[in-house]
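As structure tokens, the structure follows; a few thoughts come after it.
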Amino acid sequence: MINTVLDQASGLRRMNQNNQAVKVIAVTGGKGGVGKTNVSLNMAIAMGQQGQRVLVLDADLGLANCDVMLGLRVERNLSHVLSGECELEDILVEGPHGIRIVPATSGSQNMVELSPAEHAGLIRAFGELNADYDVLIVDTAAGISDMVLSFSRAAQDVLVVVCDEPTSITDAYALIKILSREHGVYKFKIVANMVRSLREGQELFAKLSKVTDRFLDVSLELVSTVPFDENMRKSIRKQKTIVDLFPKSPAAIAFKTLATKAAKWPIPNQPSGHLEFFIEKLVNR
196 MINTVLDQAS GLRRMNQNNQ AVKVIAVTGG KGGVGKTNVS LNMAIAMGQQ
246 GQRVLVLDAD LGLANCDVML GLRVERNLSH VLSGECELED ILVEGPHGIR
296 IVPATSGSQN MVELSPAEHA GLIRAFGELN ADYDVLIVDT AAGISDMVLS
346 FSRAAQDVLV VVCDEPTSIT DAYALIKILS REHGVYKFKI VANMVRSLRE
396 GQELFAKLSK VTDRFLDVSL ELVSTVPFDE NMRKSIRKQK TIVDLFPKSP
446 AAIAFKTLAT KAAKWPIPNQ PSGHLEFFIE KLVNR
């Protein structure tokens with residue numbers, strides 16, 4: 196059983212058929228409403244515009260929203276893959292600028308609590324994906340559930356999205372605390388979202404850093420300050436991303452800059468990311 200699982204892990208690392216490692220970025224935040232999916236999709240599409248081959252995994256497995264935010268028609272999702280009705284490749288939906296999306300299920304408690312057999316099925320699905328990708332962006336659910344923690348510790352880079360609200364800072368701290376103390380994640384990239392100015396973004400980062408520096412052994416890096424932008428609401432209503440609909444707006448420029456930075460983040464030589472938490476859970480059981 197363990198050998199089979201490890202074989203699946205090896206296949207998972209070869210998502211890129213040229214045997215080059217795939218950059219895995221988890222976008223999380225602890226609190227809902229901080230703009231995680233907006234960050235995920237705008238960064239993904241900006242990367243697509245820059246020539247990157249991007250796959251987005253909607254990892255809010257019970258409350259899908261990536262496809263809704265882009266106005267995409269989805270006929271099948273991850274639940275159909277796990278039930279054996281189709282392959283992962285059959286459910287991929289193409290978004291703007293060639294990005295692909297793995298749609299999750301909406302309103303399904305079963306998808307939130309996957310069994311070991313379903314974990315194995317998902318491993319095989321990613322291992323057998325016949326396509327080359329440069330980047331896998333994982334848009335996690337809100338909160339600090341086991342699934343959110345697992346996706347986050349599986350990634351090579353963890354982007355924590357925060358906004359200037361006390362609950363956002365508190366929840367981001369709680370997420371960072373659990374990931375560092377219980378799962379060995381010590382480096383976090385911070386996105387200050389919906390801020391009124393660069394200075395406000397820096398002050399928000401300073402608030403979070405002050406408490407983590409005092410109580411945790413972690414390293415935080417402010418990688419983006421995304422300004423509050425009225426065009427964001429307009430783009431959401433039209434089910435488009437701001438980088439597509441209002442490419443010269445302040446928030447769109449910030450997302451494009453973030454995408455350029457993210458494309459240059461190094462990929463570790465040792466195997467990491469690529470949803471290997473599924474492997475760990477199966478082996479441990």
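Per my numbering, the very first residue in the sequence shown carries number 196; after that it's consecutive.
For glycine and all other residues, C-beta sits at the position ideal for the given N, C-alpha and C.
Note that the structure is predicted; figures quoted are calculated from it, not measured.
Among the options, the one whose alpha carbon lies nearest that of residue i
i, options, result
"Leu-331", "Ile-371, Thr-455, Val-219", "Val-219"
"Ala-458", "Asn-233, Val-229, Gln-245, Gly-227", "Gln-245"
"Leu-277", "Pro-291, Val-269, Thr-300, Val-288", "Thr-300"
"Leu-250", "Val-418, Asn-260, Val-297, Ala-221", "Val-297"
"Ile-385", "Glu-377, Ala-367, Gly-379, His-378", "Ala-367"
"Tyr-381", "Gly-228, Val-217, Gln-351", "Gln-351"
"Ile-462", "Lys-402, Glu-377, Val-353, Leu-399", "Val-353"
"Lys-372", "Pro-442, Ala-401, His-292, Ser-414", "Ser-414"
"Glu-149", "Arg-409, Asp-327, Ile-364", "Absent from the model: residue 149. The displayed extent of the chain is 196 to 480, so no value can be given."
"Leu-252", "Gly-228, Gly-227, Asp-327, Ala-221", "Ala-221"
"Glu-284", "Asn-272, Asp-255, Thr-232", "Asn-272"
"His-292", "Thr-223, Leu-256, Thr-436, Glu-416", "Thr-436"
"Glu-270", "Ile-448, Ala-449, Val-288", "Val-288"
"Pro-422", "Pro-442, Ile-448, Phe-410, Glu-416", "Ile-448"
Residues near residue i in its chain [Cβ-Cβ closer than 6 Å; skip 5 each side]
i, result
"Gly-266", "Gln-434"
"Thr-420", "Ala-387, Val-390, Leu-393, Gly-396"
"Leu-370", "Gly-225, Ile-339"
"Asp-424", "Ser-444, Pro-445, Ala-446"
"Gly-290", "Leu-265, Ile-296"
Counted within 10 angstroms of its Cβ, other Cβ atoms place residue i as buried (16 or more) or exposed
i, result
"Lys-451", "buried"
"Val-478", "Since pLDDT at Val-478 reaches only 37, below the 50 mark, its modelled position is unreliable, and no value is offered."
"Arg-432", "exposed"
"Arg-428", "exposed"
"Ile-268", "It is Arg, not Ile, that sits at residue 268 in the sequence shown. Counting Cβ neighbours within 10 Å, Arg-268 comes out exposed, since fewer than 16 surround it."
"Asp-262", "buried"
"Lys-405", "exposed"
"Gly-230", "buried"
"Thr-362", "exposed"
"Arg-295", "buried"
"Phe-383", "buried"
"Asp-327", "exposed"
"Asp-408", "exposed"
Nearest-angstrom beta carbon gap, residue j and residue i [assumed within contact, 8 Å]
i, j, result
"Asp-412", "Ser-375", "7 Å"
"Val-438", "Asn-237", "5 Å"
"Val-217", "Asp-329", "7 Å"
"Leu-403", "Val-357", "6 Å"
"Gly-227", "Ala-401", "About 24 Å; that fails the 8 Å criterion."
Helix, strand or coil at residue i [DSSP, three-state]
i, result
"Thr-420", "strand"
"Arg-209", "In this prediction, Arg-209 scores a pLDDT of 49, lower than 50, which makes its location untrustworthy; no coordinate-derived value is stated."
"Ala-221", "strand"
"Thr-335", "strand"
"Ser-392", "coil"
"Ser-444", "coil"
"Ser-414", "strand"
"Lys-451", "helix"
"Leu-256", "coil"
"Asp-359", "coil"
"Lys-433", "coil"
"Arg-428", "helix"
"Arg-295", "strand"
"Leu-289", "One point to set straight first is that residue 289 is Glu, not Leu, in the sequence displayed. DSSP places Glu-289 in strand when its eight states are reduced to three."
"Gln-203", "A caution first: Gln-203 carries a pLDDT of 40, below 50, which makes its placement in the model unreliable, though a value can still be read off. Gln-203: helix per DSSP, three-state reduction."
"Lys-384", "strand"
Spatial neighbours of residue i in its chain, beta-carbon cut-off 7 Å, leaving aside the 5 residues before and after
i, result
"His-275", "Cys-281, Ile-286"
"Ala-454", "Met-238, Ala-241, Met-242, Gln-245"
"Ala-259", "Asp-253, Asn-272, Pro-298, Ala-299, Thr-300, Ser-301"
"Asp-484", "Past the boundaries of the shown model lies residue 484; the chain is included only from 196 to 480, so the question cannot be answered."
"Gln-247", "Asp-329, Val-330, Ala-458"
Beta-carbon proximity list for residue i, same chain, < 8 Å, skipping 5 on both sides
i, result
"Gly-379", "Arg-348"
"Leu-440", "Asn-426, Lys-429, Ser-430, Lys-433"
Chain D within 8 Å of residue i, Cβ atoms only
i, result
"Asn-426", "In the structure shown, chain D does not exist; there is a single protein chain."
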